[in-house]
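J.: Quick one: the structure is below, and I'll ask about it shortly.
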Amino acid sequence: MKQRHRRILDRVEEKGKVSIHELAQITGVSGVTIRKDLTELESLHYLGRAHGYAISLNDLSERVSSNFSTKETLAKRALLLLSEGDTLFIEAGSTNAHFAREIGRSGLDVTVVTPCVYVANELKNCHQDVVLIGGVLQKRSECLVGPLTHLCINNINFNKAFIGIDGYNPDYGFTGRDIMRAENIRLAMEKRVQNFVIAESGKFGKLFPYNVAKHSDIDTVITDAGLLLNFETALLQQGVTVLKA
Numbered sequence: 001m002k003q004r005h006r007r008i009l010d011r012v013e014e015k016g017k018v019s020i021h022e023l024a025q026i027t028g029v030s031g032v033t034i035r036k037d038l039t040e041l042e043s044l045h046y047l048g049r050a051h052g053y054a055i056s057l058n059d060l061s062e063r064v065s066s067n068f069s070t071k072e073t074l075a076k077r078a079l080l081l082l083s084e085g086d087t088l089f090i091e092a093g094s095t096n097a098h099f100a101r102e103i104g105r106s107g108l109d110v111t112v113v114t115p116c117v118y119v120a121n122e123l124k125n126c127h128q129d130v131v132l133i134g135g136v137l138q139k140r141s142e143c144l145v146g147p148l149t150h151l152c153i154n155n156i157n158f159n160k161a162f163i164g165i166d167g168y169n170p171d172y173g174f175t176g177r178d179i180m181r182a183e184n185i186r187l188a189m190e191k192r193v194q195n196f197v198i199a200e201s202g203k204f205g206k207l208f209p210y211n212v213a214k215h216s217d218i219d220t221v222i223t224d225a226g227l228l229l230n231f232e233t234a235l236l237q238q239g240v241t242v243l244k245a
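With the UniProt record's numbering applied, the sequence shown corresponds to residues 1 to 245, in that order.
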């Protein structure tokens, strides 16, 4: 990796969100060069981009504002899958944060179980009951992880689970970039309830180190109309329902 790329990544991880202007200043190159660097780093899944900034992929508050309209549309579609009286497990992630917001607005009588502080905060002024399970806080992702989180997931009941993913590959299934969050999801999948993935179509075709779910774990994928036909076909052949918002 280029030394300049490492400096860019170090600053983005330190601050969560850094402007192109600032990155050009600390590296001593032009804004045009920085934009090319960010395009390359984004293609390798090292960081994200939004409105003239580079953003850490671990910073949930920044990711919530990225592709806002698409995530909001997916959240509204997922809301249609809920029924009064449901108890939901909602994993961390930017689209799931939008989903929690839509649940709060809906007035539905459901209970939300989550390891994500951001998700819980979206519902703090709403009438739905919220169970925030314990653990060690990952500050950027606002997700609770570790043995206490695993104990809580194993000992609480829910009838529907909604998870986010970082990538999908027909050969490997659903994958993630964070091993601790991946373990949270795997434990939720072991409950064998109705399991849903909410994800933008751009995540399909990407592969990350940690497996979070197999095809057989997932009942339904909720995504946008940009999903490529080969990925939709692979999901359908494995018995996964695909809903396009």
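Using N, Cα and C, we set each Cβ at its ideal position, and we do this for glycine too.
Secondary structure at V240, three-state DSSP: helix, strand or coil?
T.: Taking the sequence shown and counting its residues from 1, the one referred to as residue 240 is at position 240. In this structure, V240 counts as coil in the three-state DSSP scheme.
J.: Where G239 and S216 are concerned, what is the direct C-alpha to C-alpha distance, given to the nearest angstrom?
T.: Your numbering for residue 239 matches position 239 in the sequence shown. Your numbering for residue 216 matches position 216 in the sequence shown. C-alpha separation (whole angstroms): 8 Å.
J.: Which class does A234 belong to by DSSP, given the choice of helix, strand or coil?
T.: Mapped onto the sequence shown, residue 234 falls at position 234. Looking at A234 - three-state DSSP - the assignment turns out to be helix.
J.: Can you find at least 3 beta carbon pairs, one from the region 123–130 and one from the region 140–157, that sit closer than 8 Å?
T.: The region 123–130 vs the region 140–157: no contact.
J.: Pick helix, strand or coil for Q3, following the three-state DSSP scheme.
T.: Taking the first residue of the sequence shown as 1, we reach residue 3 at position 3. Helix at Q3.
J.: Apart from the five residues on each side of it in sequence, which residues of its chain come closer than 8 Å, Cβ to Cβ, to N230?
T.: As a working mapping, residue 230 is identified with position 230 in the sequence shown. Same-chain partners within the cutoff: P170.
J.: Take T87 and list the residues in its own chain whose beta-carbon comes closer than 6 Å to its own, dropping the five residues that flank it on each side.
T.: Looking up residue 87 in the sequence shown gives position 87. Excluding residues within five positions, the ones whose Cβ falls inside 6 Å are T111, F158 and N159.
J.: When you compare each of I8, E14, E40 and I153 to A25 by their alpha carbons, which one comes out closest?
T.: The residue given as residue 25 occupies position 25 in the sequence shown. Ala is not the amino acid found at residue 25; the sequence shown has Gln there. Out of I8, E14, E40 and I153, I8 has the C-alpha closest to the C-alpha of Q25.
J.: Can you pull the DSSP bridge partners for R49?
T.: What you label residue 49 is simply residue 49 of the sequence shown in a count that begins at 1. According to DSSP, which records beta bridges pairwise, R49 is partnered with A54.
J.: Note down, in chain order, each residue of its chain lying with its Cβ closer than 6 Å to the Cβ of V12, except the 5 sequence neighbours on either side.
T.: Walking along the sequence shown from the start, residue 12 turns up at place 12. So the list reads V18, L47, A54 and S56, once near-sequence residues are dropped.
J.: Taking L235 as the reference, give the member of V136, E14 and T220 with the closest Cα.
T.: The count along the sequence shown starts at 1 and reaches residue 235 at position 235. Selected option, being the one with the closest Cα: T220.
J.: Which runs of the beta strand (DSSP E), 3 residues or longer, sit entirely within the region 79–132?
T.: For the region 79–132, whole beta strand (DSSP E) runs of length 3 or above, ordered along the chain, are 87–90, 111–114 and 129–132.
J.: Quick test of your reading: I179 and C152, contact by CB under 8 Å. State the CB separation rounded to the nearest angstrom.
T.: Mapped onto the sequence shown, residue 179 falls at position 179. Mapped onto the sequence shown, residue 152 falls at position 152. Incorrect: roughly 18 Å between the Cβ atoms, too far for contact.
J.: Can you give the beta carbon distance from T73 to A245, rounded, assuming they're within the 8 Å contact cut?
T.: Here residue 73 corresponds to residue number 73 of the sequence shown, with the count starting at 1. Here residue 245 corresponds to residue number 245 of the sequence shown, with the count starting at 1. T73 to A245, Cβ: 5 Å. Contact.
J.: Where do the N-terminal and C-terminal ends of the alpha helix (DSSP H) with K36 fall, by residue?
T.: If you number the sequence shown from 1, residue 36 lands on position 36. It spans G31 to S43 - the alpha helix (DSSP H) in which K36 sits, taken as one unbroken run.
J.: Who does Q194 pair with in a DSSP beta bridge?
T.: Translated into the one-based positions of the sequence shown, residue 194 becomes position 194. Beta-bridge pairing links Q194 to K160.
J.: Name, in chain order, the residues that DSSP records as bridge partners for I222.
T.: Counted from its first residue, the sequence shown places residue 222 at position 222. The partner list for I222 (beta bridge, DSSP) reads I198 and L243.
J.: Under three-state DSSP, which class holds S141?
T.: Position 141 of the sequence shown, counted from the start, is the residue given in the question as residue 141. Note: S141 maps to coil in three-state DSSP.
J.: Can you give me the C-alpha to C-alpha distance between E14 and R140, rounded to a whole angstrom?
T.: Taking the sequence shown and counting its residues from 1, one reaches residue 14 at position 14. Taking the sequence shown and counting its residues from 1, one reaches residue 140 at position 140. Taking the straight line joining both Cα atoms gives about 10 Å.
J.: I need the straight-line Cα distance from residue 262 to R177, nearest angstrom please.
T.: Residue 262 is absent from the structure shown; the chain starts at 1 and stops at 245.
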